[in-house]
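Worksheet for the structure shown next.
Residue numbers (the UniProt record's numbering), protein chains in the order written: chain A, 1 to 141; chain B, 1 to 141; chain C, 1 to 141; chain D, 1 to 141.
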């Protein structure tokens, strides 16, 4: 076990994806294209493709009931494209994405204490204010 | 080793982040807000915040030389926000993001064979066509 | 009538906004920040803020019934921010946005002929295929 | 002169585009697809396509020197797609986009007074702090 980069039963690590992306670019001589802002715009492009999957559907229930297998596979590909550019962008910027993500989860937990959020969340649905503002609650980021 | 969700030396897995996000939402009674399109729009919001970090800087070199520590930390937070919503969106849609990402890397390798891409990439810089189109090459997605 | 840039009864033209943005930047000595990719990333940032308004609401009916006046005003500001950067980006790129938009409406009309689209649109709702794909129909772009 | 919706010498108004989009949707029986969040996601999709045009180019000079005519035309189409969905989204939300945009330009002028911004902008380039933060200055939104 070499830590963080094994493939298999242990689950896919961000480090494994980082290494795969780095190898991929190096083998194709694409490192020079992978500047931070190039990668960021590529990521925005992929977020656009992800949005296109959902754009004319109206509300979509959890678990995507009724979606064909090929539609789910396509969705998985677009989610992956966003992830892969995000991993690559982080690497090129010298950010340890896994570490940063764990830290952010911790910060979110401090920002949104369990008791307060749960009570607030419940009261909203007993009252009239059914619109959940992004600044005031309902968001962990 | 419990497989994919341990925290520490082995690197951060997507499954670990998925579980943390699921617990986070459950504890706060926020599951009902986490519909696919709500999460997608939240992700777009975070991509916007990520873009704001880079928007007035002109081109930014790899490794972010000259950035203050607090700027890098802020960047890590915005990258993480995108990642966390991406992980949560995938989970809510029933997509195994890690598995999908490995599969996509494999598809990209088939789509962009090493020899062809490297040669093409080199010839561009010997010639006049210095603009790299997203459809024709230069992109692994 | 001075053509395209008057303010008042005639409706707001894209040229008027273009001139206002150009003056705004010039007066503040901000022209040097307004490179194409800087403006594009600023636009992405504003699209993120626009998305945040809608992110936790679930489906939103047309006309926004139940929204407070201040919420609508906020929405108007975010829509405007996207528009203003779009106008500025077009100007900096040397694209006549109004002319391009009229041309694109014409192209869309050719791409989606009235009779075909209407029939197809109706049949979908008589049949089982209620999911509207972005590639196949339902989109004018 | 019918005010705001004439086509020709006077410049393209937002009202003209609004009417064209409304007619377009009505003729094709697409009104039912044009909910606020459907349109917003369609807009995000188009912003993605716009980003793809710029993603592998590195910094791009103003006026796009060296771009082929067909590349500029393609850019004009993507800028237009963003604009058309923005206009349509505003209409469906009951927001007068032209009026809102003029109001926002006024708010920006109050937020960024000419003298202060110009002095600040100049001093930055005399000093070492060449990075322009989005919060602190350099942005009119």
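All residues carry an ideal CB built from backbone N, CA and C; glycine is no exception.
For the stretch 79-95 of chain A, which residues have a beta carbon sitting closer than 8 Å to at least one beta carbon of chain B?
-> For the stretch 79-95 of chain A, which is checked against every Cβ of chain B, the residues closer than 8 Å are 79, 80, 81, 82, 83, 84, 85, 86, 89, 90, 92, 93, 94, 95.
Where residue 37(C) meets chain A, residues with beta-carbon distance less than 8 Å = Ordered by position in chain A, the residues that pass the 8 Å Cβ test against residue 37(C) are 37, 41.
Show which residues of chain B have a CB atom less than 7 Å away from the CB atom of residue 56(C).
-> In chain order: 33, 38.
Does the distance from the CB of residue 52(B) to the CB of residue 85(B) come in under 7 Å?
-> In this structure, residue 85(B) does not lie closer than 7 Å to residue 52(B) by Cβ.
Compile a chain-ordered list of the residues in the stretch 58-73 of chain B whose CB is closer than 7 Å to at least one CB of chain D.
-> Here the close residues are 58, 59.
Residues in the stretch 20-31 of chain D with C-beta within 7 Å of chain C's C-beta atoms, listed in sequence order?
-> Answer in chain order: 20, 24, 27, 28, 29, 30.
At least one CB of chain B closer than 7 Å to the CB of residue 11(D): is that the case?
-> Not one chain B Cβ lies under 7 Å of residue 11(D).
Leaving out five residues before and five after residue 39(B) in sequence, what residues of the same chain have Cβ atoms less than 7 Å from its Cβ?
-> The beta carbon of residue 39(B) lies closer than 7 Å to those of 85, 88, 89, 92 in the same chain, with the five residues before and after it left out.
Count the C-beta pairs between the stretch 9-22 of chain B and the stretch 97-116 of chain B that are closer than 8 Å, then say yes if the count reaches three, no if not.
-> As far as the Cβ criterion goes, the stretch 9-22 of chain B touches the stretch 97-116 of chain B, which means the pair count is three or higher.
Test: residue 115(B) CB closer than 7 Å to a CB of chain A = It does not: the Cβ of residue 115(B) has no partner Cβ on chain A nearer than 7 Å.
Name the residue from 18(B), 23(B), 28(B), 21(B) whose alpha carbon lies nearest to the alpha carbon of residue 112(A).
-> It is 28(B) whose Cα lies nearest to the Cα of residue 112(A).
Would you decide whether residue 65(B) is buried or exposed? Buried here means 16 or more other CB atoms lie within 10 Å of its CB.
-> A residue is called buried once 16 or more other Cβ atoms fall within 10 Å of its Cβ, and residue 65(B), having fewer, is exposed.
Alpha carbon to alpha carbon, how far is residue 117(B) from residue 37(A)?
-> Going by the C-alpha atoms only, they are around 22 Å apart.
Which residue's Cα is closest to the Cα of residue 32(C): 23(B), 78(B), 55(B)?
-> Closest in alpha carbon position to residue 32(C), among 23(B), 78(B), 55(B), is 55(B).
Taking residue 94(A) as the reference, give the member of 59(B), 22(B), 75(B) with the closest Cα.
-> Nearest neighbour of residue 94(A) by Cα position, chosen from 59(B), 22(B), 75(B), turns out to be 75(B).
Using the beta-carbon count (16 or more within 10 Å), is residue 81(A) buried or exposed?
-> By the 10 Å Cβ count, residue 81(A) comes out buried.
Does the Cβ of residue 20(B) have 16 or more other Cβ atoms within 10 Å, making it buried, or fewer, making it exposed?
-> Buried is the call here.
Answer with yes or no whether the minimum CB distance from residue 47(A) to chain C is below 7 Å.
-> By this cut-off, residue 47(A) is not an interface position.
Reference residue 60(C); option with closest CA among 18(D), 23(D), 35(D) = Cα-wise, what sits closest to residue 60(C) is 35(D).
With a floor of 4 residues, list each alpha helix (DSSP H) that falls wholly inside the UniProt domain "NTP pyrophosphohydrolase MazG-like" (35-101) of chain D, ordered by position along the chain.
-> As far as the UniProt domain "NTP pyrophosphohydrolase MazG-like" (35-101) of chain D is concerned, its whole alpha helix (DSSP H) runs of at least 4 residues are 36-54, 69-93.
Nearest chain A C-beta to residue 52(D) closer than 7 Å, yes or no?
-> Among the residues facing chain A, residue 52(D) is included, as its CB has a counterpart in that chain under 7 Å away.
Got a sec? Which residues, its chain only, sit under 6 Å from residue 114(C) by beta carbon, not counting five neighbours each side?
-> Taken in chain order, the list of residues that qualify is empty.
8 Å CB neighbourhood of residue 83(A) in its chain, flanking five on each side removed | Once the five neighbours on either side are set aside, the close Cβ partners of residue 83(A) are 17.
Can the beta-carbon of residue 50(B) be found less than 7 Å from the beta-carbon of residue 69(B)?
-> Cβ distance not < 7 Å, so residue 50(B) and residue 69(B) don't count as in contact.
Contacts that residue 105(C) makes with chain B (C-beta to C-beta distance below 9 Å) = Identification of chain B residues near residue 105(C) by a Cβ-Cβ cut-off of 9 Å yields none; the smallest Cβ-Cβ distance measures about 25 Å.
Over the uninterrupted alpha helix (DSSP H) stretch that includes residue 32(D), give me the two end residues.
-> It is not in any alpha helix (DSSP H) - residue 32(D) carries neither H nor E in the DSSP assignment.
In chain A, what lies closer than 7 Å to residue 75(B) by C-beta?
-> Here the neighbours are 93, 95.
If you measure from the beta carbon of residue 110(A) to each beta carbon in chain B, is any gap under 7 Å?
-> For residue 110(A), the nearest beta carbon of chain B is not closer than 7 Å to its own beta carbon.
Report yes if the C-beta distance between residue 63(A) and residue 48(D) is below 7 Å; otherwise report no.
-> No, Cβ-Cβ distance for residue 63(A) and residue 48(D) is not below 7 Å.
How long is the line joining the alpha carbons of residue 71(A) and residue 26(D), rounded to whole angstroms?
-> Counting only the Cα atoms, residue 26(D) lies some 29 Å from residue 71(A).
Could you check if residue 43(A) is buried or exposed, using at least 16 other CB atoms within 10 Å of its CB as the buried criterion?
-> By the 10 Å Cβ count, residue 43(A) comes out buried.
Nearest candidate by alpha-carbon position, reference residue 104(C), set 73(D), 104(D), 30(D) = Nearest C-alpha to residue 104(C): 73(D).
Determine the direct distance from the alpha carbon of residue 67(C) to that of residue 58(D), and round the result to whole angstroms.
-> The alpha-carbon of residue 58(D) is positioned some 42 Å away from that of residue 67(C).
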